[in-house]
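Protein sequence lines, in the order shown, are assigned to chains U and H.
Residue numbering for the first sequence is 85 to 255, as defined by the numbering used here.
Residue numbering for the second sequence is 85 to 255, as defined by the numbering used here.
Protein chains: 2
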Amino acid sequence: MTDVAPRLLRIQEVAAETGLTPRTIRYYEEVGLLAPAARSEGAYRLYDGEDLDRLRFIRGLRDDAGFSLAEIGQLLEDEDARARNRDRYRSSRDPVERRQILTDAIDRVDRQVTSLRQKIDRLEAMIVEAEERRSHLASHVDDLDAGREPTHTHDPRPRRSASRGGTEPRG
Amino acid sequence: MTDVAPRLLRIQEVAAETGLTPRTIRYYEEVGLLAPAARSEGAYRLYDGEDLDRLRFIRGLRDDAGFSLAEIGQLLEDEDARARNRDRYRSSRDPVERRQILTDAIDRVDRQVTSLRQKIDRLEAMIVEAEERRSHLASHVDDLDAGREPTHTHDPRPRRSASRGGTEPRG
DNA sequence: CCTAACCTTTACGTGAACGGGAAGGTTTGG
DNA sequence: CCAAACCTTCCCGTTCACGTAAAGGTTAGG
């Protein structure tokens, strides 16, 4: 096996690489989100490429998705459980047990997906509302451009049932 | 005038109605997210239906979307600007100005949508990853059920193995 | 008019998610 | 071998988003 010595990074380099601060990275370790791949002889934290991936993943969940560290921890715990089950799977010879391990893993993934999709659904509902307003506005612009009188459609206080405006929702 | 005096609610009723606490509602006022529609003679806060809508909207952004109150404030400021512009629009007679007001409003809505869509994209990317893993697992289950050898398809993205190592968080 | 239930403001407390500094050990180039 | 530049573990400080309690005013029912 061609062993390409995987260069390990110290915390400041990791910080520069991930856009986090050393303090934040240590804090994430403190709350159990990730442990460095290794420690130097003098106890320096040393991180590998997977650690970087994981930290970028965490940052994405935090900044982009707006998850709390607790929620992120839950998602990552599932990841870890997956990894552990992979080991169990490898060391198992019994097809029945193997099948059980696999279906358990699938169940966990499904729960993750469900959790994520719920959040997406909520966000999309908000987008729909926004785009209803947008098409309403756009139709007024169309009226103006056509020299027409404003149609003066009553503001849809009642939620749903927006009669589609003439313009297509962008996107 | 058929003035069907819209019942105003006191803070505890609003809390029950929105699932927030009185403290939280006062706090949201403190940070400028909403002001009660009125005050009683003795300075009791009194809320109307729109206040309820707004509070539910805030709660949705907070719980479902995971926005910070600062971000929510930004989105609501846009909402307020929209409302003010509506007034400006009504009082304007110049089609050019009216068009400008409308397109400004559309721009704001688009920014809201963009902000929401970014979050969705991030979440969807995570779902894609999860479903890749799922189908991978499912194919192994199929192999087992068919009595085949595990195909051992290499995992597309090498991920970290269980990061244990950290026995105690802190000592 | 009384009083219980509600409300007010003020203010200190709390958990999450870090920031920042002190005191001291580790690495590395010269 | 030595000093600068990192790093370590405490540990206290801060902001956000409220919780909670105190001290007192308001409202509705009897």
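Every residue gets a Cβ at the ideal spot worked out from N, C-alpha and C, and that includes glycine.
ask   = Once you ignore the five residues that flank Pro90 (chain U) on each side, which residues in its own chain have a CB closer than 7 Å to its CB?
value = Leaving aside the five residues that flank Pro90 (chain U) on each side, the residues in its chain whose CB is nearer than 7 Å to its CB run, in chain order, Asp132, Gly133.
key: Segments of 4+ residues assigned as alpha helix (DSSP H) that fall wholly inside the region 93–176 of chain U   = Segments of the alpha helix (DSSP H) lying fully in the region 93–176 of chain U: 95–102, 106–114, 133–147, 153–175.
query = chain U partners of Val207 (chain H), CB-CB under 7 Å?
reply = Reading off the sequence, residue 207 (chain H) comes out as Leu, not Val. Within 7 Å Cβ-Cβ: Ala149, Leu200, Lys203, Ile204.
ask   = Cα separation between Ile43 (chain H) and Thr105 (chain H)?
value = Outside the modelled stretch of chain H, which goes from 85 to 255, sits residue 43 (chain H), for which no answer is possible.
key: Minimum Cβ-Cβ distance from Gly144 (chain H) to chain U less than 8 Å   = Interface residue, yes.
ask   = Interface residues of chain U around Asp135 (chain H) at Cβ under 7 Å?
value = Residues of chain U passing the Cβ test: none, with the nearest at roughly 14 Å.
ask   = Just the Cα atoms here: how many angstroms apart are Gly231 (chain U) and Ser223 (chain U)?
value = Those two C-alpha atoms are separated by around 12 Å.
inquiry  = For chain U, check one thing: does any of its Cβ atoms lie closer than 8 Å to the Cβ of Ile211 (chain H)?
reply    = Yes - at least one Cβ of chain U is within 8 Å of the one on Ile211 (chain H).
ask   = Nearest chain H C-beta to Thr187 (chain U) closer than 8 Å, yes or no?
value = Thr187 (chain U) counts as touching chain H.
query = In terms of alpha-carbon separation, which member of U:Asp162, U:Leu207, U:Leu130, U:Gln184 lies closest to Val193 (chain U)?
reply = Ranked by Cα distance from Val193 (chain U), the options U:Asp162, U:Leu207, U:Leu130, U:Gln184 are led by U:Asp162.
query = So Val115 (chain U) and Gly144 (chain U) are in contact, right, with Cβ under 8 Å, and what is the actual spacing, rounded?
reply = Not really, about 17 Å apart at Cβ, beyond 8 Å.
message = Any beta carbon from chain H within less than 8 Å of Ile95 (chain U)'s own beta carbon?
response = Closer than 8 Å: no.
key: Nonlocal neighbours in the same chain, by C-beta distance under 8 Å from Ile185 (chain U), ignoring five residues either side   = For Ile185 (chain U), where only same-chain residues beyond five positions count, the Cβ hits under 8 Å are Asn169, Arg172, Tyr173, Ser176.
ask   = Since Arg217 (chain U) meets chain H, which of its residues come closer than 7 Å, beta carbon to beta carbon?
value = Simply Val193.
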